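If you read the protein sequences in the order shown, they are chains A and B.
Under numbering that gives the first Met the number 0, residues 0 to 323 are what the first sequence spells out, in order.
Under numbering that gives the first Met the number 0, residues 0 to 251 are what the second sequence spells out, in order.
Every residue gets a Cβ at the ideal spot worked out from N, C-alpha and C, and that includes glycine.
These figures come from a predicted structure and were not determined experimentally.
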Amino acid sequence: MTKSNLAIESRQLARSFKTKAGPVDAVKGVDFDVSDGEIVGLLGPNGAGKTTTLRMLTTLLTPSRGTALVAGADLITHSREVRRRIGYVAQIGAVPAPGTRLGEELITQARLQGMNKAAATDRLKALLPTLDLSGFEGRTLAEMSGGQRRRFDVALGLMHDPKLVFLDEPTTGLDPQSRANLWEHIRSLRDNHGVTIVLTTHYLDEADALADRLLVMDDGQIVADDTPEALKARVSGDVITVSVDGDLALAAKVAGEALAPRTNVVDGNKLVLTVERGDTAVPPLLRALDSAGLRLKSVQVHRPTLDDVFLTLTGRSLREDADG
Amino acid sequence: MTIVTETWVIFIRQMRQLVRNPVWVFFGLTQPILYLALFGPLLKNISGGGLGGSDSYKIFVPGLLLQLAIFGAGFAGFGIIQELREGVVDRQRVTPASRLALIMGRTMSNVVTIGVQAILLTLVAIPFGLRPNWGGAFVSIAVICVLSLGMAAASYTMGLILRDEDSFAPFVQGVTLPLLLLSGVLLPMTLAPTWLRRVSQVNPLSYVVDTVRALFRGDIASVTVAKGSLVTVGVAILLAWWATRRFQRNSA
Ligand SMILES: Nc1ncnc2c1ncn2[C@@H]1O[C@H](COP(=O)(O)OP(=O)(O)OP(=O)(O)O)[C@@H](O)[C@H]1O
Ligand SMILES: [Mg+2]
């Protein structure tokens with residue numbers, strides 16, 4: 000390990016893919032640091048480059064350009080050392096083949112990580128209860144529910160007690176209860192074991208609840224790097240969401256003239272405005288829309304969420320893509 | 000953790016899965032018997048190229064062994080495509096385990112499987128009339144295993160390169176079938192017209208088939224066996240070397 004207290008230093012990390020339709024620049028040279036003991040969320044819509052970034056940092060994918068120091072080891076020249084020090088939970092995969100059993104798979108994983116049989120067995124006993132998987136050792140993976148399998152995936156990444164863990168959409172497919180439990184577990188990994196965590200998510204509430212810091216990704220680039228609070232503060236003021244019976248583009252124009260809002264974005268079937276003060280902005284907005292002949296269907300005033308942050312940063316909503 | 004332990008861990012994982020698949024166990028073990036029972040009887044009524052009479056099994060069984068090895072090892076990579084989708088390959092690659100162990104553990108499971116099938120086939124052929132030189136038969140199975148090792152390793156790497164069953168299956172068919180037909184596996188190449196025999200001489204498998212047949216006959220200390228064993232070991236090393244290099248690069 001180097002003296003630095005940085006778990007990750009990514010420098011111009013980039014990856015492009017050759018496809019039949021031409022080259023795809025999945026990640027376009029990202030720079031970021033992650034400190035020891037931090038929980039960092041990688042947030043972005045489908046295809047933003049989150050998985051590609053994680054796969055590069057975990058040595059699974061060779062970067063086209065750039066490099067990174069991961070857990071103190073150079074990603075390119077000391078990839079094996081990196082592997083020794085990290086845990087990785089991949090994005091959800093296909094249903095496992097019959098004949099693979101949970102306990103055996105976890106022990107196989109631990110042994111490949113260099114643990115001996117006894118240590119792996121002990122670790123299995125200790126880890127399963129924390130992920131609500133007690134008694135599942137003998138279960139065939141193909142016979143488990145999606146959520147149970149997801150928790151098994153998480154266990155795979157934690158068997159060898161790594162100090163730096165990458166989780167790619169860890170809570171996708173979990174029910175609210177399991178989701179809350181996993182959040183709890185992730186927090187305790189950091190709080191009680193000093194584990195550094197990098198996770199990707201589509202869920203704003205997850206990013207908001209879990210992450211100390213967020214890297215917002217869009218189209219292969221990091222468009223923002225800040226705490227959830229600071230990001231929300233960027234969208235200072237209030238957010239007004241309006242839906243009308245009629246032309247939204249016209250509504251946007253009318254609203255723009257009436258309020259001079261800070262941002263003014265058409266998002267699906269809604270118009271999203273950010274203004275200094277929502278309460279005083281609504282009456283003139285209503286009058287303006289009315290006189291333009293646009294019948295109002297609904298209007299909402301709320302404090303900005305990360306979704307609004309994403310919308311103002313990229314002009315696109317995150318939520319639209321979330322289930323895509 | 001040494002590379003041997005890592006290979007062992009992967010090997011055991013693969014074997015467990017195989018043994019737990021009753022369909023595989025049934026067909027994997029009955030297939031050699033089917034060949035003997037359903038194709039063997041035809042041999043009685045042909046003559047030429049050394050066929051006909053009780054000696055024909057010394058020609059036929061070595062061919063079957065080769066076929067078993069080529070198809071068994073050739074299609075080994077099928078499984079890794081599913082493992083790619085499940086994320087098994089990635090989760091193993093993200094460990095510090097040696098890349099060589101990841102591919103060799105799998106390959107060894109195929110070698111052992113093919114070895115067991117080969118022994119079974121040879122034993123079952125006895126009641127049909129096979130009377131081989133036993134030392135030779137034993138060495139033959141070792142030769143079959145060495146060949147399987149190279150081919151299975153190459154098959155796994157091809158699976159990782161093609162990443163899709165729909166291209167992998169025709170690829171393997173397309174490569175193995177001409178290799179088999181041009182090696183005189185089914186009938187000796189002495190029956191072939193000259194041009195076909197010439198083509199078969201550039202097929203490394205021809206030498207392996209000749210070797211296994213010579214071994215079954217008992218010509219153990221022959222030039223054929225020496226040449227064939229060299230070709231087998233050479234081909235196996237070449238394939239395994241290419242496979243592990245590509246595998247390593249694909250999963251740098
Ligand atoms: N193996 C590949 N070959 C070609 N293109 C790829 C490959 N992997 C990813 N891409 C492309 O790179 C871009 C980024 O993909 P990536 O999987 O990193 O996105 P993501 O942010 O993880 O998305 P999601 O939220 O859907 O998981 C996409 O446009 C994708 O199509
Ligand atoms: Mg992804």
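- In the DSSP assignment, A:HIS192 falls within the unbroken alpha helix (DSSP H) covering 175-192.
- Distances taken from the Cβ of A:THR170 to the heavy atoms of ligand 1 include none shorter than 7 Å.
- Exposure of B:LYS43 is indicated by the presence of fewer than 16 other C-beta atoms within 10 angstroms of its C-beta.
- The Cβ atoms of A:LEU209 and A:ILE185 lie closer than 8 Å to each other.
- With 16 or more other Cβ atoms from the protein chains shown falling within 10 Å of its own Cβ, A:ASP306 counts as buried.
- For the pair of segments examined, the region 214-228 of chain B was found to touch the region 53-72 of chain B: the number of CB pairs separated by less than 8 Å reaches three.
- Three or more beta-carbon pairs separated by less than 8 Å are not found between the region 71-87 of chain B and the region 39-51 of chain A, which leaves the two stretches without contact.
- Residues of the same chain with a CB within less than 8 Å of the CB of B:ALA136, apart from the 5 flanking positions on each side, are THR121, LEU214, PHE215 in chain order.
- When rounded, the separation of the alpha-carbon atoms in B:SER205 and B:PRO177 is 12 Å.
- Think of a sphere of 7 Å around the beta carbon of B:ARG92: the chain A residues whose beta carbon falls inside it are LEU59, in chain order.
- At a Cβ-Cβ threshold of 8 Å, A:VAL33 and A:THR195 count as neighbours.
- Within chain A, the residues whose beta carbon sits less than 9 Å from that of B:ALA96 are ARG82, ARG110, LEU111, GLN112, GLY113, listed in sequence order.
- Any Cβ of chain B closer than 8 Å to the Cβ of A:ALA6 would place that residue at the interface, and such an atom is absent.
- Looking at the backbone, the Cα of B:PHE10 and that of A:LEU130 are separated by about 28 Å.
- Assigned with DSSP and collapsed to three states, B:GLY104 falls in helix.
- As computed with DSSP, A:VAL164 is found in a beta bridge with A:GLY86, A:ILE196.
- For A:GLY21, the uninterrupted beta strand (DSSP E) run begins and ends at 21-34, by DSSP.
- For chain A, the residues of the region 75-89 of chain B that bring a beta carbon within less than 7 Å of one of its beta carbons are GLN81, ARG84, GLU85, GLY86, ASP89, in chain order.
- Assignment of alpha helix (DSSP H) within the region 238-262 of chain A, counting only whole runs of 4 or more residues, yields 247-258 in chain order.
- With respect to chain B, the C-beta atom of A:ALA125 has no partner C-beta closer than 8 Å.
- It is roughly 35 Å from the alpha-carbon of B:ARG19 to the alpha-carbon of B:LEU41.
- A direct Cα-to-Cα measurement between A:SER177 and A:VAL39 gives close to 21 Å.
- In the three-state scheme derived from DSSP, where H, G and I count as helix and E and B as strand, B:ILE219 is classed as coil.
- Uninterrupted alpha helix (DSSP H) stretches at least 4 residues long and entirely within the region 176-225 of chain B occur at 193-200, 203-216, given in chain order.
- Cβ proximity to chain A below 9 Å picks out ARG15, GLN16, LEU17, VAL18, ARG19, ASN20 from the region 13-31 of chain B.
- Spatial neighbours of A:TRP182 in its own chain (CB-CB distance under 8 Å, excluding positions within 5 residues in sequence) are listed in chain order as THR170, GLU205, ALA208, LEU209.
- Between A:GLY146 and A:ASP190, the gap from beta carbon to beta carbon reaches 8 Å or more.
- Going by beta carbons, B:GLY73 and B:MET14 fall outside the 8 Å limit.
- In this structure, the C-beta of A:GLN220 stays at least 7 Å away from each heavy atom of ligand 2.
- Per the Cβ contact rule, the region 214-231 of chain A is not in contact with the region 249-265 of chain A (fewer than 3 Cβ pairs under 8 Å).
- DSSP places A:PHE16 inside the beta strand (DSSP E), whose first and last residues are 5-18.
- A:GLU168 counts as buried, since no fewer than 16 other beta carbons sit within 10 angstroms of its beta carbon.
- In terms of Cα proximity to A:ASN263, the closest of A:ASP237, A:HIS192, A:ASN4 is A:ASP237.
- Note: B:GLN172 is not bridge-paired with any residue in the DSSP secondary-structure output.
- Nearest to A:THR304 by C-alpha distance, out of A:GLY137, A:SER78, A:THR273, A:ARG82, is A:THR273.
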